[in-house]
Amino acid sequence: AQKVTQAQTEISVVEKEDVTLDCVYETRDTTYYLFWYKQPPSGELVFLIRRNSFDEQNEISGRYSWNFQKSTSSFNFTITASQVVDSAVYFCALSELYNTDKLIFGTGTRLQVFP
Amino acid sequence: GAGVSQSPSNKVTEKGKDVELRCDPISGHTALYWYRQSLGQGLEFLIYFQGNSAPDKSGLPSDRFSAERTGGSVSTLTIQRTQQEDSAVYLCASSLSSSGRHYNEQFFGPGTRLTVL
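Going down the list, the sequences are from chains U and X.
When we follow the numbering used here, the leftmost residue of the first sequence carries the number 3, and every step to the right adds one.
When we follow the numbering used here, the leftmost residue of the second sequence carries the number 992, and every step to the right adds one.
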């Protein structure tokens, strides 16, 4: 069965702090994709990143970076030098390639960045 | 071009009434998904349409929920005899296809907030 666990329900930091959002997944498939989405207060889901199961290279995009480790079934997301605009709910999701591409979401982590 | 649109943006209904939620996918997208975001529950998959194939209804929580997709474009999610636990934001997403060989990104609509009194 597929499952995504985001153990951190809510995180509060002060601006300029680094913060890491944890994501652990379960799947029996060898081919799958992992995602992070951002949901700001406006409510729309904003796609941040997609990684496939064959690519374990870490990725950096500006202040965002992602650490994918198949050995621990984790796909963690780090925001460096956080800003107030980063305040949102962040969802990690899993999609199995041969399972209609439906997204299995974690319960989300609410990040609050205070000035 | 236009993104995924959903209507209404908000719907308040009384327990026991039926409701219909509409989704207009991005033009040319053959795959369409419905998800539900309940308070404290995260996002859960409800149903998936791909072209003329039989829909994947594995996520529908009860037989009060149904959905159809007419002409391969617009989709309507119907909830019959609504219950208070149906209160949630219902999100629709569409993608180019679901070929099983590679992934096509899902684009989400703004959602319909349903409140059942």
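We treat Cβ as the ideally placed atom computed from N, Cα and C, and that holds for glycine.
> Just how far apart, CA to CA, sit Glu61 of chain U and Gln1075 of chain X?
Replying inline: Locating residue 61 of chain U in the first sequence gives position 59, counting from the first residue. Locating residue 1075 of chain X in the second sequence gives position 84, counting from the first residue. Taking the straight line joining both Cα atoms gives about 42 angstroms.
>> If the cut-off is 7 angstroms on Cβ atoms, which residues from the stretch 1052 to 1064 of chain X count as contacting chain U, listed in chain order?
In response: For the stretch 1052 to 1064 of chain X, there are no residues whose beta carbon sits under 7 angstroms from a beta carbon of chain U.
>> Does chain U have any CB closer than 7 angstroms to the CB of Pro1101 of chain X?
In response: By 1-based counting over the second sequence, the position of residue 1101 of chain X is 110. With 7 angstroms as the cut-off, Pro1101 of chain X counts as an interface residue toward chain U.
>> At the level of alpha carbons, what is the spacing between Thr82 of chain U and Asp20 of chain U?
In response: Stepping through the first sequence from its first residue, residue 82 of chain U is reached at position 80. Stepping through the first sequence from its first residue, residue 20 of chain U is reached at position 18. Here the alpha carbons of Asp20 of chain U and Thr82 of chain U stand approximately 4 angstroms from one another.
>> Beta-carbon within less than 6 angstroms of Ser76 of chain U's beta-carbon, same chain only, minus the 5 sequence neighbours each way: which residues are those?
In response: Translated into positions along the first sequence, residue 76 of chain U becomes position 74. Here the set comprises Val26.
>> For Thr80 of chain U and Gly1100 of chain X, I'd like the C-alpha separation in whole angstroms.
In response: Here the question's residue 80 of chain U lines up with position 78 in the first sequence. Here the question's residue 1100 of chain X lines up with position 109 in the second sequence. Going by C-alpha positions, Thr80 of chain U is about 26 angstroms away from Gly1100 of chain X.
> Mind listing which residues of the stretch 1016 to 1041 of chain X have their C-beta closer than 8 angstroms to chain U's C-betas, in chain order?
Replying inline: Per Cβ criterion, the list reads Ala1022, Tyr1024, Tyr1026, Gly1031, Gln1032, Gly1033, Leu1034, Glu1035, Phe1036, Tyr1039 and Gln1041.
> With distances taken from CA atoms, which of U:Tyr34, U:Lys72 and U:Thr74 is nearest Ile106 of chain U?
Replying inline: Here residue 106 of chain U is taken as the residue at index 104 of the first sequence, counted from 1. Looking only at U:Tyr34, U:Lys72 and U:Thr74, the smallest Cα-Cα distance to Ile106 of chain U is reached by U:Tyr34.
>> Can you tell me where the beta strand (DSSP E) holding Lys1002 of chain X begins and where it ends?
In response: For the purposes of this step, residue 1002 of chain X is taken as the residue at position 11 of the second sequence. Asn1001 to Thr1004 is the span of the beta strand (DSSP E), which, as asked, contains Lys1002 of chain X.
>> Looking at chain X, is there any beta carbon in it that lies within less than 7 angstroms of the beta carbon of Lys104 of chain U?
In response: Counted from its first residue, the first sequence places residue 104 of chain U at position 102. Using a CB distance cut-off of 7 angstroms, Lys104 of chain U counts as an interface residue toward chain X.
> Can you tell me where the beta strand (DSSP E) with Lys40 of chain U in it begins and where it stops?
Replying inline: Sequence index remark: in the first sequence, residue 40 of chain U carries index 38 (1-based). Run containing Lys40 of chain U: Tyr34 to Gln41, per the beta strand (DSSP E) assignment.
>> Does chain X have any CB closer than 7 angstroms to the CB of Leu47 of chain U?
In response: On the first sequence, position 45 is the one that residue 47 of chain U refers to. Interface residue (Cβ-Cβ distance to chain X less than 7 angstroms): Leu47 of chain U is classified as such.
> Terminal residues of the continuous beta strand (DSSP E) containing Leu96 of chain U?
Replying inline: Within the first sequence, residue 96 of chain U is the residue found at index 94, counting from 1. That run of the beta strand (DSSP E) goes Ala90 to Glu98.
> Roughly how many angstroms separate the alpha carbons of Leu50 of chain U and Leu36 of chain U, rounded to a whole number?
Replying inline: Here the question's residue 50 of chain U lines up with position 48 in the first sequence. Here the question's residue 36 of chain U lines up with position 34 in the first sequence. Answer to the nearest angstrom: the Cα atoms are 11 angstroms apart.
> In the DSSP assignment, what are the bridge partners of Lys1048 of chain X?
Replying inline: Against the second sequence, residue 1048 of chain X aligns to sequence position 57. BP columns for Lys1048 of chain X are empty, so no partner.
>> When you compare the stretch 1006 to 1025 of chain X with the stretch 1075 to 1089 of chain X, are there three or more beta-carbon pairs, one atom per stretch, that lie closer than 8 angstroms?
In response: Touching, yes.
> Assuming Val86 of chain U and Glu17 of chain U make a contact with CB atoms under 8 angstroms, what is their CB distance in whole Å?
Replying inline: Position 84 of the first sequence, counted from the start, is the residue given in the question as residue 86 of chain U. Position 15 of the first sequence, counted from the start, is the residue given in the question as residue 17 of chain U. Confirmed, about 6 angstroms.
>> Quick check on Gly1007 of chain X: does DSSP put it in helix, strand or coil?
In response: Translated into positions along the second sequence, residue 1007 of chain X becomes position 16. Gly1007 of chain X: coil per DSSP, three-state reduction.
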